[in-house]
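Below is one structure, written out as structure tokens, with a few remarks after it.
In full-length UniProt numbering, the protein residues as written are 1 to 124.
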């Protein structure tokens, strides 16, 4: 028996909640009623660095939309930091408010205060 297998729990805790199951829903709206795990504190600053969350929010439940009363938990400030050439990181701002689609993302300078080549040509 290796160190990795020895350190694994022997039994499943009653607090463990599976996020995904292999069974099919009994009713068509069963997944809409699922209670998702929540944080036990309020989030004031949420930093998304190269996060694919926007992609998953766009494609989820397209064929069977969730209840209109459902909303994601909020926070005071959201920082979506992404590279424009990252294939998995997208802008989430237009999903939060349609007016944000018209706004250009802010460019963050690199460690020495300058811009990368692709940004310098865009700024000119």
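C-beta: ideal position from N, C-alpha, C; glycine also.
Item	Value
Note down, one range per segment and in chain order, each alpha helix (DSSP H) of at least 4 residues found wholly within the segment 84 to 115.	93 to 96
Exposed or buried, what is residue 80 when buried is set at 16 or more other beta-carbons lying within 10 Å of its beta-carbon?	buried
By alpha-carbon positions, which one of 48, 114, 113 and 109 ends up nearest to residue 78?	48
Using 8 angstroms for Cβ pairs, my map puts residue 54 next to residue 95. What's the rounded Cβ distance?	6 angstroms
According to DSSP, is residue 78 helix, strand or coil?	strand
My assumption, with CB atoms under 8 angstroms, is that residue 50 sits in contact with residue 83. Please give the rounded CB distance.	7 angstroms
For the candidate residues 46, 52, 44 and 41, whose alpha-carbon lies nearest to that of residue 86?	52
Report the rounded CA-to-CA distance for residue 101 versus residue 58, giving the unit in angstroms.	14 angstroms
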